[in-house]
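Residue numbers 8 to 286, in this note's numbering, belong to the letters of the sequence shown in order. All C-beta atoms, glycine included, are put in the ideal place defined by N, C-alpha and C.
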Amino acid sequence: MSRSAAETPPVRMHSVALLGIPYDAASSFLRGPAAAPPVIRAALLSDSTNGWSESGIDVRGGGALRDAGDVALDQGSDVRAPIESAVQSILGSGARPLCLGGDHSVTYPVLRAVRRQYPRLSLLHLDAHSDLYDAFEGDRLSHACPFARIMEERLADRLVQVGIRTMNPHLEAQADRFGVEVITMDDWDDASEISFDTPVYVSVDIDVLDPAFAPGVSHREPGGPSVRDVLRVLRRTPGDFIGGDVVEFNPAQDPTGVTAWVAAKIVRELAARLMTATP
Ligand SMILES: [Mn+2]
8 MSRSAAETPP VRMHSVALLG IPYDAASSFL RGPAAAPPVI RAALLSDSTN GWSESGIDVR
68 GGGALRDAGD VALDQGSDVR APIESAVQSI LGSGARPLCL GGDHSVTYPV LRAVRRQYPR
128 LSLLHLDAHS DLYDAFEGDR LSHACPFARI MEERLADRLV QVGIRTMNPH LEAQADRFGV
188 EVITMDDWDD ASEISFDTPV YVSVDIDVLD PAFAPGVSHR EPGGPSVRDV LRVLRRTPGD
248 FIGGDVVEFN PAQDPTGVTA WVAAKIVREL AARLMTATP
């Protein structure tokens, strides 16, 4: 049965701004994610597929997606201030930020800007790693630490982590200290029970995926979910998703290029989710 315009209520679409954050100097093992933003954009805009999300949103052609370009960063100096400022500027324009990392350290300055706009805020974090180290190899700003900084600074009221499969006693203690809700990979099925009653910022580390699906990451951790499993969480979790990031894609570790397509697929579905107020 076809639906006429008269039967379909107007949907309020939010603008979404892509922001590249080409930074990987906080990486602890391999460099490479700084090169990811243009590679993700190329796959996202490729003529090999159309721009529609599975949820029925014309992400590329519907007029709600704009590209805010890349944050201009000097890798050697303070990168957090320009990242925070770029996200602040997107929020000030009324758009919802969708950030393309970069390593995971970028989420901390992004959240500083997002928190100012959203006094009630939850984080949904998909990752093989909890990134809760107080410090990693002496670096408190390492990509292994952003969620410790975020919770110390009370940049979120609630942090829900999904897909984690690298916990150790220190990280368990940190999760307890900050009241983090950790759904390990072993308990993945519990992810279908998550729901939020505050605005939600979602942070997707590409290494949450099993490396069979997404080998192009710096820390391959087998035993992860499929692309479909991740899309199901992103699409079905109740809550108003107001911003997000897709980080840690490392093109230098992606010989077949498939991870670029995985990252772009997640960006497309996440963009659609940010554009609509509800799942
Ligand atoms: Mn990770």
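DSSP beta-bridge partners for residue i?
i      : result
Ile171 : Thr191
Phe143 : Asp146
Leu25  : Asp74, Leu105
Val224 : Phe256
Pro206 : Asp247
Whole angstroms are fine: how far does the CA of residue j sit from the CA of residue i?
i      : j      : result
Pro126 : Asp164 : 9 Å
Gln95  : Gly101 : 10 Å
Pro155 : Leu216 : For clarity, residue 155 is Ala in the given sequence; the question names Pro instead. About 22 Å.
Glu188 : Gln168 : 6 Å
His150 : His226 : 12 Å
Val254 : Gly109 : 6 Å
Ser9   : Arg73  : Residue placement at Ser9 is flagged as unreliable, the pLDDT there being 48, under the threshold of 50; the coordinate-derived value follows with that caveat. Roughly 30 Å separates the two Cα atoms.
Ala12  : Ala24  : Model confidence at Ala12 stands at a pLDDT of 48, short of 50, so the residue's coordinates are unreliable; what they give is reported in the following sentence. Approximately 28 Å between the Cα atoms of the pair.
Ile190 : Thr173 : 12 Å
Gly69  : His136 : 35 Å
Gly99  : Phe143 : 34 Å
Ala42  : Ile213 : 14 Å
Ile97  : Ala271 : 21 Å
Leu105 : Leu139 : 22 Å
Pro258 : Met20  : 32 Å
Leu80  : Ser34  : 16 Å
Leu277 : Ser84  : 31 Å
Is residue i helix, strand or coil when you go by DSSP?
i      : result
Gly250 : strand
Val211 : strand
Ser129 : strand
Phe256 : strand
Leu107 : strand
Ile201 : coil
Arg165 : strand
Ala49  : helix
Pro40  : helix
Ile64  : coil
Gly264 : coil
Asp236 : helix
Ala75  : strand
Ser9   : Summary for Ser9: the model assigns pLDDT 48, below 50, so the residue's position carries little reliability, and this model does not support an answer.
Thinking residue i and residue j are a contact (beta carbons under 8 Å), I'd like their distance in whole angstroms, please.
i      : j      : result
Val211 : Val234 : Not really, about 11 Å apart at Cβ, beyond 8 Å.
Gly170 : Trp195 : 7 Å
Arg103 : Ser22  : 7 Å
Ala279 : Ser62  : 5 Å
Exercise for review: Please confirm if the stretch 173-183 is in contact with the stretch 215-223, defined as three or more CB-CB distances below 8 Å between the two stretches.
Suggested key: no
Are the stretch 51-60 and the stretch 131-150 in contact at 8 Å, needing three or more beta carbon pairs? no
Using a strict less-than 6 Å threshold between each residue's beta carbon and the heavy atoms of ligand 2, what residues do you get? The ligand content of the structure shown is limited to ligand 1, which means ligand 2 is not among them.
Margin query: With a threshold of 8 Å, are at least 3 pairs of Cβ atoms found where one atom belongs to the stretch 191-205 and the other to the stretch 238-246?
Written below: As far as the Cβ criterion goes, the stretch 191-205 touches the stretch 238-246, which means the pair count is three or higher.
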